[in-house]
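Reviewing the structure listed below.
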Amino acid sequence: MTSENAFLSAILHLKEVDHRSNIWTKSVTRSYASHNFNRIPYHLGQLLEPSVLHEVSHETGISVSQLKMVDYETQGPMREIQDRIARQSDLSPVEKLNVVYCLVSLSRYERAVDILSTLHPDQLRQEDQIYLSFIQFLIKNRLSLPYQSDFIAMREALGQKNLSDVMRLKVCTQAIVWELKQKALGEELYTWFVNEGLKTCDRLKEKEALSEQLALSSFYRAYAMIPAAKQLVKETREEMEKALYFAKAAKPSNPLESCRKLDAMKTCFESELKEHLYLSKDYEQAERAGFDLIQTDPDWSISYHELAEVYMKVNKLEEALAMFQKSKEIGLPRTTFTHFMMGYCLGELHREDEAIDAFIHTLTIDPTNLSAGINGYNLAKKIGHAQEDTFKSYLTKWEEAGILKDEHKQVLSAGV
Numbered sequence: 001m002t003s004e005n006a007f008l009s010a011i012l013h014l015k016e017v018d019h020r021s022n023i024w025t026k027s028v029t030r031s032y033a034s035h036n037f038n039r040i041p042y043h044l045g046q047l048l049e050p051s052v053l054h055e056v057s058h059e060t061g062i063s064v065s066q067l068k069m070v071d072y073e074t075q076g077p078m079r080e081i082q083d084r085i086a087r088q089s090d091l092s093p094v095e096k097l098n099v100v101y102c103l104v105s106l107s108r109y110e111r112a113v114d115i116l117s118t119l120h121p122d123q124l125r126q127e128d129q130i131y132l133s134f135i136q137f138l139i140k141n142r143l144s145l146p147y148q149s150d151f152i153a154m155r156e157a158l159g160q161k162n163l164s165d166v167m168r169l170k171v172c173t174q175a176i177v178w179e180l181k182q183k184a185l186g187e188e189l190y191t192w193f194v195n196e197g198l199k200t201c202d203r204l205k206e207k208e209a210l211s212e213q214l215a216l217s218s219f220y221r222a223y224a225m226i227p228a229a230k231q232l233v234k235e236t237r238e239e240m241e242k243a244l245y246f247a248k249a250a251k252p253s254n255p256l257e258s259c260r261k262l263d264a265m266k267t268c269f270e271s272e273l274k275e276h277l278y279l280s281k282d283y284e285q286a287e288r289a290g291f292d293l294i295q296t297d298p299d300w301s302i303s304y305h306e307l308a309e310v311y312m313k314v315n316k317l318e319e320a321l322a323m324f325q326k327s328k329e330i331g332l333p334r335t336t337f338t339h340f341m342m343g344y345c346l347g348e349l350h351r352e353d354e355a356i357d358a359f360i361h362t363l364t365i366d367p368t369n370l371s372a373g374i375n376g377y378n379l380a381k382k383i384g385h386a387q388e389d390t391f392k393s394y395l396t397k398w399e400e401a402g403i404l405k406d407e408h409k410q411v412l413s414a415g416v
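Set out below in structure tokens:
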């Protein structure tokens with residue numbers, strides 16, 4: 001039953017249940033339950049990729065289009081969201097913006113865009129307009145659309161003195177992350193946000209409210225990416241220590257704040273794992289960060305993906321496979337990746353039949369998964385497996401659809 005699984009219950013119905021409950025499910029359900037829709041801001045936790053709805057569709061039989069539009073029979077709080085969507089013309093601009101934030105927290109990006117199209121910045125108070133630009137950026141980011149214009153608008157909004165330093169720091173944090181990841185802002189705009197973030201940190205360092213502590217934690221974790229990009233091990237570690245310090249220092253006063261603190265700590269451990277894996281090359285510390293991550297969020301499938309990455313880096317494929325198997329046991333999200341990586345590890349361990357089964361399962365979840373099709377075909381052809389024709393049929397469909405490119409064909413011809 002979908003209602004018994006915490007992830008499905010949260011993403012379909014906005015209901016919190018105990019079975020396989022994790023930081024994400026608690027965060028999205030508690031954010032909704034505790035929020036006054038006449039006030040800003042709405043708390044957002046980790047945002048998932050749009051593809052998660054394809055996995056939910058595979059699991060539940062509800063079509064992707066119905067999931068995107070929240071057009072299915074639901075129960076619990078999601079009915080209230082459906083009602084707000086149905087009568088959105090009667091909602092105030094602030095209520096509309098809160099509905100958008102709620103939808104984004106649940107990966108309903110297209111539905112959120114529909115509502116945003118009816119909302120103009122001038123309908124909001126000047127100090128609230130930055131929250132509109134911020135959510136527009138987040139949606140465009142998840143839908144792989146350009147968003148520099150939103151940061152230009154947010155820079156202008158940050159000129160207001162009555163804007164909270166917490167929101168100011170959130171914007172600066174995102175500016176650093178996405179300039180370093182995607183070069184999305186441009187040097188001049190990026191530099192302005194870095195300097196603004198550092199000035200804001202100086203004002204917040206002596207504050208003790210949870211939101212301020214967690215904003216500092218997020219900023220320092222992002223700021224650590226700057227020395228990391230220059231291969232500066234010591235300087236990166238110093239910033240990461242600040243990030244974890246402020247996450248641990250936060251004092252929650254209610255169930256939602258407890259989730260927010262744990263989420264900040266989890267994110268620090270994720271970043272620390274990557275830091276030790278790719279920068280300091282301290283694989284023991286990377287493994288330790290992975291254990292800390294799993295201990296912080298044991299029923300989150302992605303936690304096990306992260307530790308598996310460490311084991312793959314040091315060629316401990318049996319251990320990596322065990323992590324992916326644990327992730328499979330938990331289930332959503334990223335089940336497609338889980339099954340593909342199980343197939344990859346099994347193939348490397350010469351367990352070919354099991355590997356081929358895992359690649360086939362990947363394709364049942366995502367029929368356009370080129371990696372599973374190519375790896376499965378190469379392996380099946382190599383050992384003369386009966387499923388070779390099955391993989392071949394996928395490749396033929398992809399070639400006819402124009403999604404099988406020359407670089408993919410080279411991998412096929414190489415047989416790797």
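Per UniProt numbering, the sequence shown starts with residue 1, numbered consecutively. All C-beta atoms, glycine included, are put in the ideal place defined by N, C-alpha and C.
Please report the straight-line C-alpha distance between asparagine 254 and aspartate 297, rounded to a whole angstrom. Residue mapping note: residue 254 aligns to position 254 of the sequence shown, counting from 1. Residue mapping note: residue 297 aligns to position 297 of the sequence shown, counting from 1. Each residue's Cα considered, the two are about 18 Å apart.
Range of the contiguous alpha helix (DSSP H) that encloses phenylalanine 269: Reading the sequence shown from its first residue, position 269 is the one you call residue 269. Unbroken alpha helix (DSSP H) run through phenylalanine 269: 255-274.
Asparagine 375: first and last residue of the uninterrupted alpha helix (DSSP H) it sits in: Here the question's residue 375 lines up with position 375 in the sequence shown. Asparagine 375 -> alpha helix (DSSP H) spans 370-383.
Quick check: what's the CA-CA separation for leucine 379 versus glutamate 352? Translated into positions along the sequence shown, residue 379 becomes position 379. Translated into positions along the sequence shown, residue 352 becomes position 352. Looking at the two C-alpha atoms, the distance is approximately 7 Å.
With the cut-off set at 8 Å, would you say glutamine 213 and alanine 249 are in Cβ contact? As a first step, residue 213 must be located in the sequence shown, where it is residue number 213. As a first step, residue 249 must be located in the sequence shown, where it is residue number 249. Yes, Cβ-Cβ distance for glutamine 213 and alanine 249 is below 8 Å.
Threonine 362 and glycine 343 closer than 8 Å at C-beta: As a working mapping, residue 362 is identified with position 362 in the sequence shown. As a working mapping, residue 343 is identified with position 343 in the sequence shown. In this structure, glycine 343 lies closer than 8 Å to threonine 362 by Cβ.
Nearest by alpha-carbon distance to tyrosine 394: which of Ala358, Gly347, Leu370 and Arg84 is it? Residue mapping note: residue 394 aligns to position 394 of the sequence shown, counting from 1. When only C-alpha atoms are compared, the closest one is Leu370.
Could you please give the first and the last residue of the uninterrupted alpha helix (DSSP H) stretch that includes valine 94? Translated into positions along the sequence shown, residue 94 becomes position 94. Residues 93-105.
By the three-class DSSP mapping on this structure, what secondary structure does histidine 339 have? For the purposes of this step, residue 339 is identified with residue 339 of the sequence shown, where counting begins at 1. Note: histidine 339 maps to helix in three-state DSSP.
Quick check on the DSSP output: what are the complete alpha helix (DSSP H) runs of length 4 or more inside the stretch 300-349, in order along the chain? 301-313, 317-330 and 335-348
Looking at valine 15: is its Cβ nearer than 8 Å to the Cβ of serine 9? The residue you call residue 15 lines up with position 15 of the sequence shown. The residue you call residue 9 lines up with position 9 of the sequence shown. Note on identity: in this sequence residue 15 is lysine, with valine being the wrong assignment. Yes. Within cutoff.
Helix, strand or coil at glycine 402 according to DSSP, with G and I counted as helix: In the sequence shown, the residue the question calls residue 402 occupies position 402. In the structure shown, glycine 402 sits in coil (DSSP, three-state: anything other than H, G, I, E or B).
Between the beta-carbon of serine 164 and the beta-carbon of aspartate 150, is there less than 8 Å? Here the question's residue 164 lines up with position 164 in the sequence shown. Here the question's residue 150 lines up with position 150 in the sequence shown. For serine 164 and aspartate 150, no; Cβs fall outside 8 Å.
Valine 411 to lysine 405, Cα distance in whole Å? For the purposes of this step, residue 411 is identified with residue 411 of the sequence shown, where counting begins at 1. For the purposes of this step, residue 405 is identified with residue 405 of the sequence shown, where counting begins at 1. If you take the alpha carbons of valine 411 and lysine 405, they lie about 10 Å apart.
Would a C-beta distance cut-off of 8 Å place glycine 197 and leucine 232 closer than the cut-off? Position 197 of the sequence shown, counted from the start, is the residue given in the question as residue 197. Position 232 of the sequence shown, counted from the start, is the residue given in the question as residue 232. Taking 8 Å as the Cβ cut-off, glycine 197 and leucine 232 do not qualify as a contacting pair.
Verify whether the separation of the beta carbon atoms of methionine 154 and valine 171 is less than 8 Å. Numbered from its first residue, the sequence shown carries residue 154 at position 154. Numbered from its first residue, the sequence shown carries residue 171 at position 171. Contact flag set, yes.
Cysteine 102: which of Glu73, Tyr32 and Ile152 sits nearest, CA to CA? Position 102 of the sequence shown holds residue 102. Of the candidates Glu73, Tyr32 and Ile152, the one whose C-alpha sits nearest the C-alpha of cysteine 102 is Tyr32.
Tell me the start and end of each unbroken alpha helix (DSSP H) in the stretch 20-77 that is at least 4 residues and wholly inside, in chain order. 23-34, 52-60 and 64-69
Would glycine 290 and leucine 317 qualify as a contact pair, given that the criterion is a beta-carbon distance under 8 Å? Here residue 290 refers to the residue found at position 290 when the sequence shown is read from its first residue. Here residue 317 refers to the residue found at position 317 when the sequence shown is read from its first residue. For glycine 290 and leucine 317, no; Cβs fall outside 8 Å.
Between the alpha carbons of lysine 266 and leucine 293, how many angstroms are there, rounded? In the sequence shown, counting from the first residue as 1, residue 266 sits at position 266. In the sequence shown, counting from the first residue as 1, residue 293 sits at position 293. Whole-angstrom Cα-Cα distance: 6 Å.
Is it buried or exposed, asparagine 375, if we count other Cβ atoms within 10 angstroms and call 16 or more buried? Numbered from 1 along the sequence shown, position 375 holds the residue referred to as residue 375. Buried, because 16 or more other Cβ atoms sit within 10 Å of the Cβ of asparagine 375.
Counting only the same chain and skipping the five closest in sequence on each side, list residues whose C-beta sits under 6 Å from that of phenylalanine 37. Counted from its first residue, the sequence shown places residue 37 at position 37. Cβ within range, chain order: Glu95 and Asn98.
Along the chain, where does the alpha helix (DSSP H) that runs through arginine 351 open and close? By one-based count along the sequence shown, residue 351 stands at place 351. Per DSSP, arginine 351 belongs to no alpha helix (DSSP H) and is neither H nor E.
Taking all protein chains shown into account, decide if serine 327 is buried (16 or more other Cβ within 10 angstroms of its Cβ) or exposed. As a working note, residue 327 is residue 327 in the sequence shown. Looking at its Cβ environment, which holds 16 or more other Cβ atoms inside 10 Å, serine 327 is buried.
Terminal residues of the alpha helix (DSSP H) in which glutamate 284 lies: Looking up residue 284 in the sequence shown gives position 284. Per DSSP, glutamate 284 belongs to the alpha helix (DSSP H) from 283-296.
What is the DSSP secondary structure of serine 16, counted as helix, strand or coil? Working through the sequence shown from its first residue, we reach residue 16 at position 16. The sequence as given places glutamate at residue 16; serine does not occur at that position. Of the three classes helix, strand and coil, the one that applies to glutamate 16 here is coil, per DSSP.
Could you tell me the distance, in whole angstroms, from the CA atom of glycine 373 to the CA atom of proline 252? The residue you call residue 373 lines up with position 373 of the sequence shown. The residue you call residue 252 lines up with position 252 of the sequence shown. Rounded to the nearest angstrom, the two C-alpha atoms are 47 Å apart.
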